[in-house]
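**Student:**
Residue numbers (the numbering used here), protein chains in the order written: chain P, 100 to 210; chain S, 19 to 423.
1. Where residue 42/S and residue 122/S are concerned, what is the direct C-alpha to C-alpha distance, given to the nearest angstrom?
2. Please list, in chain order, the residues of the stretch 339-366 of chain S that have any C-beta partner in chain P closer than 7 Å.
3. Run the CB neighbour count on residue 167/S, radius 10 Å, all protein chains shown included, and call it buried at 16 or more, exposed below.
4. Listing by chain order, which chain S residues have their CB less than 8 Å from the CB of residue 135/P?
5. For a quick check, are the C-beta atoms of residue 185/P and residue 368/S less than 8 Å apart?
6. Can you list, in chain order, the residues of its chain with a C-beta nearer than 7 Å to that of residue 153/S? Leave out the 5 residues immediately preceding and following it.
7. Residue 108/P and residue 169/P - do their beta-carbons sit closer together than 8 Å?
8. Could you give the distance in angstroms between the alpha-carbon of residue 394/S and the alpha-carbon of residue 354/S?
9. Would residue 87/S and residue 116/S qualify as a contact pair, given that the criterion is a beta-carbon distance under 8 Å?
10. Rounding to the nearest angstrom, what Cα-Cα distance links residue 106/S and residue 95/S in this structure?
11. Using the C-alpha atoms, what's the distance from residue 179/S back to residue 108/S?
12. Looking only at its own chain, which residues have a Cβ that is under 8 Å from the Cβ of residue 190/P, when we skip the five neighbours before and after it?
13. Would you report the Cα separation of residue 76/P and residue 155/P, rounded to the nearest angstrom?
14. Under 8 Å between C-beta atoms, does residue 334/S make it to chain P?
15. Could you run through the stretch 189-200 of chain P and flag, in chain order, every residue whose CB is less than 8 Å away from some CB of chain S?
16. Since residue 268/S and residue 281/S should fall inside the 8 Å C-beta cutoff, what is the C-beta to C-beta distance between them, to a whole number of angstroms?
17. Please report whether the beta-carbon of residue 172/P lies at a distance below 8 Å from any beta-carbon of chain S.
18. Could you tell me which uninterrupted alpha helix (DSSP H) segments, each at least 4 residues in length, are contained entirely in the stretch 118-176 of chain S, listed from first to last along the chain?
19. Give me the chain S residues within the contact set of residue 127/P, using Cβ-Cβ distance strictly less than 7 Å, ordered along the chain.
20. Looking at the secondary structure, which residues open and close the alpha helix (DSSP H) in which residue 418/S lies?
21. Any Cβ of chain S within less than 8 Å of the Cβ of residue 131/P?
22. Is residue 93/S buried or exposed, if buried means 16 or more other CB atoms sit within 10 Å of its CB?
23. Excluding five sequence neighbours on each side, which residues of the same chain lie with their C-beta closer than 6 Å to the C-beta of residue 290/S?
24. With H, G and I counted as helix, E and B as strand and the rest as coil, what does DSSP make of residue 264/S?
25. What does the alpha-carbon distance come out to for the pair residue 416/S and residue 382/S?
26. If you check the beta carbons only, do residue 448/S and residue 380/S fall under 8 Å apart?
27. Starting from the Cα of residue 26/S, find the closest Cα among 61/S, 39/S, 54/S, 75/S and give me that residue.
28. Using the beta-carbon of each residue, which ones in chain S are nearer than 9 Å to residue 141/P?
29. Can at least three beta-carbon pairs, one atom from the stretch 269-278 of chain S and one from the stretch 299-319 of chain S, be found at a separation below 8 Å?
30. Runs of 4 residues minimum, wholly inside the stretch 337-396 of chain S: which ones carry the alpha helix (DSSP H) assignment?
31. For residue 313/S, which residues in chain P fall below 8 Å Cβ to Cβ?
32. Alpha carbon to alpha carbon, what distance is there between residue 139/P and residue 424/S?
33. Check the Cβ of residue 368/S against every Cβ in chain P and list those closer than 8 Å, keeping chain order.
34. In terms of alpha-carbon separation, which member of 384/S, 342/S, 286/S lies closest to residue 265/S?
35. Name the DSSP bridge partner or partners of residue 179/P?
Written as structure tokens, this is what we have:
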């Protein structure tokens with residue numbers, strides 16, 4: 100079993116405040132993964148408001164969005180044999196209805 | 019004339035007296051404590067038919083046990099003094115006598131629960147020990163409840179007892195640290211004890227009921243003491259009460275399982291449902307959210323009439339339960355709840371991903387989900403479920419589902 104982090108990106112700030120129906124949909128998606136015993140960590144949401152970016156030269160700016168259009172909204176860690184399986188799990192996420200995207204990255208454990 | 023009274027007293031007093039005596043002698047001498055209690059009951063069986071039943075039978079038992087304990091201590095004291103004079107410390111104080119006051123009994127029993135629910139033993143061994151030491155079950159009764167050969171249970175108990183003796187848990191007032199460290203094990207063991215009764219493979223309805231009511235009795239002991247009371251214990255009690263309210267309705271007089279939707283709701287025990295509500299409210303007094311809370315919540319919704327949102331709540335609780343910890347049962351039940359909320363086709367798509375082909379319940383679920391859509395596949399999966407089911411009652415229920423296709 101390998102672990103993959105699913106990184107959620109949203110295009111619109113408004114989507115960071117989901118409706119109860121959206122919350123329910125996400126919950127069903129995540130529980131569906133847990134029901135297959137493929138959820139390694141239910142992860143967390145990342146605040147779009149309480150956010151700073153630090154750059155060389157002691158430059159600190161508000162928010163995560165200076166250069167990229169989308170911002171990272173949260174993450175979940177799944178455990179599957181292959182990255183294709185992790186991608187298949189990600190495809191069922193409701194985020195695509197609102198134009199978001201998911202990045203799938205294998206976790207390389209530091210020795 | 020004393021026949022019906024003695025077995026009743028035995029069940030009621032055996033574990034109490036053993037607990038009090040273990041507190042006195044120390045857990046490593048549990049056999050001495052049990053011998054004294056057995057001797058006491060033997061004496062009652064011999065003398066009561068001749069001399070009549072004493073006015074206060076429990077008090078009579080306590081007095082006899084107390085005197086026997088004193089004799090044993092005196093002998094032990096001599097032994098200690100003669101054989102090990104150099105050490106100069108007796109293992110027990112021969113002057114003091116066992117305390118059978120109600121508070122001491124409650125404290126001793128509580129300490130015994132924490133002593134028996136010891137993580138050095140596997141959960142199934144803990145349950146056997148709990149049944150024997152805390153509930154006064156005989157070897158036969160335990161073997162009957164588990165549908166396991168007597169010899170297997172005997173070995174399990176012997177190994178478990180050896181581990182307990184080696185650990186030498188102090189039977190006395192429980193300290194904060196012990197309570198905190200052992201509480202999850204204690205609650206889990208009582209949870210498993212209840213489930214063993216509720217889902218027992220045994221066809222003996224009486225045994226099933228006794229296992230359930232013993233689990234409730236022991237959980238009540240936890241909540242009645244300020245130090246051992248906890249949101250989890252209350253949630254467990256709520257769960258037990260809700261489930262137990264359906265015990266009568268779950269089986270026909272012939273021992274056949276009645277499925278939830280076919281149960282006669284008039285048979286549900288309303289008093290137990292009220293008690294469940296009471297403990298569930300108590301359980302939610304803090305910020306703790308355990309699997310017992312979620313399962314109690316699910317059991318609560320099952321006691322309510324069919325409403326528009328009932329299954330949405332149940333699905334949501336199963337979702338949370340799965341995020342807390344994966345179990346195949348939670349995965350299957352969650353998928354069943356999904357079928358009630360989103361329909362069978364949506365649930366079927368999820369069910370096919372579960373990968374639980376080795377379980378009878380999985381095939382029973384697939385049989386249910388294929389019903390109405392693909393009768394042949396429904397029949398096949400119900401058939402596989404029957405092949406994987408060990409009890410005749412379970413097979414009968416599945417056969418009925420096939421007949422109704």
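Glycine included, C-beta positions come from ideal geometry on N, C-alpha and C.
**Tutor:** According to the structure shown:
1. Start at 1 with the first residue of the second chain, and residue 42/S comes out as number 24. Start at 1 with the first residue of the second chain, and residue 122/S comes out as number 104. One C-alpha to the other measures close to 11 Å.
2. 340, 341, 344, 349, 352, 353
3. Residue mapping note: residue 167/S aligns to position 149 of the second chain, counting from 1. The residue is exposed, with fewer than 16 neighbouring Cβ atoms inside 10 Å.
4. Residue mapping note: residue 135/P aligns to position 36 of the first chain, counting from 1. Chain S residues near residue 135/P: 349, 371, 372, 373.
5. Residue numbering aside, residue 185/P sits at position 86 when the first chain is read from its first letter. Residue numbering aside, residue 368/S sits at position 350 when the second chain is read from its first letter. No, the pair does not count as a contact, with Cβ atoms beyond the cut-off.
6. As a first step, residue 153/S is located in the second chain; it is residue number 135 there, counting from the start. Answer for residue 153/S: 33, 232, listed in chain order.
7. Within the first chain, residue 169/P is the residue found at index 70, counting from 1. Within the first chain, residue 108/P is the residue found at index 9, counting from 1. Against a cut-off of 8 Å, the Cβ pair of residue 108/P and residue 169/P comes out as a contact.
8. Within the second chain, numbered from 1, the residue matching residue 394/S stands at position 376. Within the second chain, numbered from 1, the residue matching residue 354/S stands at position 336. Distance between the alpha carbons of residue 394/S and residue 354/S: 20 Å.
9. Taking the first residue of the second chain as 1, we reach residue 87/S at position 69. Taking the first residue of the second chain as 1, we reach residue 116/S at position 98. Yes, they are a contact pair.
10. Stepping through the second chain from its first residue, residue 106/S is reached at position 88. Stepping through the second chain from its first residue, residue 95/S is reached at position 77. Low confidence applies to residue 106/S: its pLDDT is 46, below 50, so where it sits in the model is not reliable enough to give any reading.
11. Translated into positions along the second chain, residue 108/S becomes position 90. Translated into positions along the second chain, residue 179/S becomes position 161. At residue 108/S, the pLDDT of 46 sits below 50, so the modelled position is not reliable and the matter cannot be decided from this model.
12. Reading the first chain from its first residue, position 91 is the one you call residue 190/P. If we look at residue 190/P and ignore the five residues flanking it on each side, it has no Cβ neighbours.
13. The displayed coordinates of chain P run from 100 to 210. Any statement about residue 76/P would go beyond what the structure contains.
14. As a first step, residue 334/S is located in the second chain; it is residue number 316 there, counting from the start. Yes, residue 334/S lies at the interface with chain P (some Cβ there is under 8 Å from its Cβ).
15. none
16. Reading the second chain from its first residue, position 250 is the one you call residue 268/S. Reading the second chain from its first residue, position 263 is the one you call residue 281/S. With 8 Å as the limit, residue 268/S and residue 281/S qualify as a contact, their Cβ atoms being about 7 Å apart.
17. Reading the first chain from its first residue, position 73 is the one you call residue 172/P. For residue 172/P, the answer is no, since every Cβ of chain S falls outside 8 Å of its Cβ.
18. 120-134, 141-147, 157-164
19. Stepping through the first chain from its first residue, residue 127/P is reached at position 28. The contacting residues are 337.
20. Counted from its first residue, the second chain places residue 418/S at position 400. It spans 410-421 - the alpha helix (DSSP H) in which residue 418/S sits, taken as one unbroken run.
21. Residue 131/P sits at position 32 when you count from the first residue of the first chain. Chain S, which has a Cβ nearer than 8 Å to the Cβ of residue 131/P, makes this yes.
22. Residue 93/S sits at position 75 when you count from the first residue of the second chain. Burial call: exposed.
23. Taking the second chain and counting its residues from 1, one reaches residue 290/S at position 272. Excluding sequence neighbours, residue 290/S sits near 259, 262, 263.
24. Position 246 of the second chain, counting from 1, holds the residue named residue 264/S. Coil.
25. Locating residue 416/S in the second chain gives position 398, counting from the first residue. Locating residue 382/S in the second chain gives position 364, counting from the first residue. Each residue's Cα considered, the two are about 7 Å apart.
26. Lying before the first or after the last residue shown, residue 448/S is absent from chain S, which here runs from 19 to 423.
27. One-based indexing of the second chain puts residue 26/S at position 8. Cα-wise, what sits closest to residue 26/S is 75/S.
28. On the first chain, position 42 is the one that residue 141/P refers to. Ordered by position in chain S, the residues that pass the 9 Å Cβ test against residue 141/P are 341.
29. no
30. 346-360, 362-369, 378-388
31. The residue you call residue 313/S lines up with position 295 of the second chain. By Cβ distance, chain P contributes nothing, its closest Cβ being about 15 Å from residue 313/S, past 8 Å.
32. Examination of residue 424/S is not possible in this model, given that chain S is present from 19 through 423 alone.
33. Position 350 of the second chain, counted from the start, is the residue given in the question as residue 368/S. Near residue 368/S (Cβ distances below 8 Å), the residues of chain P are 131, 134.
34. Residue 265/S sits at position 247 when you count from the first residue of the second chain. Measuring from the Cα of residue 265/S, the nearest candidate turns out to be 286/S.
35. In the first chain, the residue the question calls residue 179/P occupies position 80. Paired residue(s): 101/P.
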